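Residue numbers (my numbering), protein chains in the order written: chain A, 24 to 347; chain B, 1378 to 1686. For glycine and all other residues, C-beta sits at the position ideal for the given N, C-alpha and C. This one's a predicted model, so the numbers in the text were calculated from it and none came from an experiment.
Encoded structure:
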């Protein structure tokens, strides 16, 4: 047979074999994407897609190794406080290893915590620039975590990290209204709990956020009772402080000391816990009925007026206008 | 047609293929390919002791090193298997021509298909043995290190007074980064990908003029093959604004039909990150790997059958 004819037949056979396997490979790719074994495709034009995923795709089998090296480079950028380079490095790293929680978590932490603190305390920029950079860094960290969750919707630790960031007393001013931020934090914590894999703490953190959302006190009370029951009545001081506030809220005319006796082990313990909660102004915790309870408890425990918790100077919540 | 003569000839074919395969295997072993295993062992042991400058919270201390061991190991396995499958296969035919072994073999009643299949199996045997040894080494080290991390983390969690349920969650998280069945599946996927690239290199070597040509073209196809899935997606994309016109569609279709899809084997990276690979998916990958290997061997035989030397 003529050599060229042979090559023609070979080309035809290659095309036929391609047509035969194409539907199978197409279905398999979808299956792999559904099993989180391959990243989902970006809905952009082919050229742009190849540009964006070039390294991620072509380094098959070596992607996580390259991500390890880039993580080392990001550490060097962090040491030199080159925040833009840190952000860029983590963008590439998560393209290479989109299912590694550590990279998402660390990338977000660098922006929302380290870069933000740098602009708060160390930068030589003018105050207004520092304030803008501080806010931008925190929002960048939040965006990064939200992208992380889009890529890993079942990862309870990423959801928990978002909840933690949104309810952080030192960052909340960057997000606008604290009430809305606590609501978003609650949603993130709740989503983490709903995965069924989260630790017991996560549900408690969800409660701490929900209790700070104005207008959702009834839901918060139901959750507080559930959490306390789940912990077999061995909760934390914050939990008992909130339980008191939330039980008090619907009926301000109730017998406060009776409520105190129902919730706390002793009146001394009640005074300590409620006193601390009264002083935690930076955390925006609700204080319904706390002043009333403290007044009555101080009278009973013979605390002098000068030493009264209610006389202590309260710290104002974090306010960027005052910090810069 | 009476199938009996064909059935009767199977043992003799198998015997010839195995002799050629063992010869090719020995030939490659003599090229001191296994020295790479020493290099691999050094990489693996070093990755176990590297204290890389990175951030680690107390609750995740040590887990990164497990991921690092897997990344280094599977990265080294990938490099070794791809390079060996291309270079060794590209070398086989020209070397036999150069040594004049090919004339001796083909002068005997050895079907050319048996010769090609034997050579390919020899290369694959070498890759399989190497990967198996590397896998054993990786699994042992990963197992030891996982137990160390687990013991440290559980002790720390108990000291912090974590509830039993939370400690269980911590244990599952750490064990998912250890030596799992999915990790063995990932190693097997590395082998499957090598099988495809070696059989493709065999096909190219049947009509190529030099070893260098075969090697370069094989590496190029390996590289472009990672984008075959994107070309296929572009062809099938129906939504307005997602396709780039008729010409691009046709080019995409051609790429999708001609080149093998290597992107499906990128599951290896997901497994390193701790994802689970179901057995069914591994089965499907095996099926597609076999399809490519059988097709490329038959295609190689088609070109090689009447070739004169």
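- Here residue 218/A carries a coil assignment [DSSP, helix/strand/coil].
- Taking one beta carbon from each stretch, the segment 144 to 157 of chain A and the segment 125 to 133 of chain A have fewer than 3 pairs nearer than 8 angstroms; the two do not touch.
- Between residue 149/A and residue 62/A, the gap from beta carbon to beta carbon reaches 8 angstroms or more.
- By the beta-carbon neighbour count (other beta carbons within 10 angstroms, threshold 16), residue 281/A is exposed.
- In the DSSP annotation of this structure, the continuous segment of the alpha helix (DSSP H) that includes residue 1511/B starts and ends at 1489 to 1536.
- As the crow flies, the alpha-carbon of residue 1598/B is around 25 angstroms from that of residue 1449/B.
- Interface with chain A (8 angstroms Cβ-Cβ cutoff): residue 1516/B is excluded.
- Think of a sphere of 7 angstroms around the beta carbon of residue 1661/B: the chain A residues whose beta carbon falls inside it are 51, in chain order.
- By the CB criterion at 8 angstroms, residue 1644/B and residue 45/A fall outside the cutoff.
- DSSP, read as helix, strand or coil, puts residue 254/A in coil.
- With contacts defined as CB atoms closer than 8 angstroms, residue 1398/B and residue 1469/B fail to qualify as a contacting pair.
- With a contact defined as Cβ atoms closer than 8 angstroms, residue 141/A and residue 104/A qualify at about 6 angstroms.
- Using a C-beta cut-off of 8 angstroms, the segment 207 to 222 of chain A makes no contact with the segment 252 to 271 of chain A, since fewer than three inter-stretch Cβ pairs fall below that distance.
- When rounded, the separation of the alpha-carbon atoms in residue 1580/B and residue 1674/B is 7 angstroms.
- As the crow flies, the alpha-carbon of residue 224/A is around 29 angstroms from that of residue 274/A.
- Contact between residue 263/A and residue 311/A does not hold, since the beta-carbon distance rounds to 15 angstroms and is not under 8 angstroms.
- Check the Cα spacing between residue 1663/B and each of 1496/B, 1505/B and 1565/B: the tightest is with 1565/B.
- For residue 321/A, the enclosing alpha helix (DSSP H) stretches over residues 313 to 323.
- Here the C-alpha atom of residue 1495/B lies approximately 17 angstroms from the C-alpha atom of residue 1476/B.
- Note on geometry: alpha-carbon atoms of residue 1442/B and residue 1567/B lie some 22 angstroms from one another.
- The beta carbon of residue 1519/B does not come within 8 angstroms of any beta carbon belonging to chain A, so the residue lies off that interface.
- Taken atom to atom, the span from the alpha-carbon of residue 162/A to that of residue 197/A is near 7 angstroms.
- With a threshold of 16 other beta carbon atoms within 10 Å, residue 1587/B falls short and is exposed.
- The Cβ of residue 54/A sits closer than 8 angstroms to at least one Cβ of chain B.
- Take the alpha-carbon of residue 1648/B and the one of residue 1463/B: they are about 25 angstroms apart.
- Pairing residue 1646/B with residue 1408/B, the inter-Cα distance amounts to about 31 angstroms.
- A direct Cα-to-Cα measurement between residue 1640/B and residue 159/A gives close to 37 angstroms.
- Per DSSP, reduced to three states, the secondary structure at residue 1452/B is helical.
- Between the alpha carbons of residue 50/A and residue 1638/B lies a gap of roughly 12 angstroms.
- For residue 219/A, not one C-beta of chain B is nearer than 8 angstroms to its own C-beta.
- Contact between the segment 1549 to 1566 of chain B and the segment 1649 to 1661 of chain B is present, with at least three C-beta pairs closer than 8 angstroms.
- Scanning 1529/B, 1559/B and 1595/B for the CA closest to the CA of residue 1571/B turns up 1595/B.
- The CB of residue 45/A comes closer than 8 angstroms to the CB of 1609, 1633 and 1634 in chain B, given here in chain order.
- Closest option to residue 133/A, judged by alpha-carbon separation, among 110/A, 300/A and 233/A: 110/A.
- Each residue's CA atom was taken as its position, placing residue 1445/B and residue 1424/B some 7 angstroms apart.
- Residues of chain A with a Cβ closer than 7 angstroms to the Cβ of residue 1407/B do not exist; the shortest Cβ-Cβ separation is about 28 angstroms.
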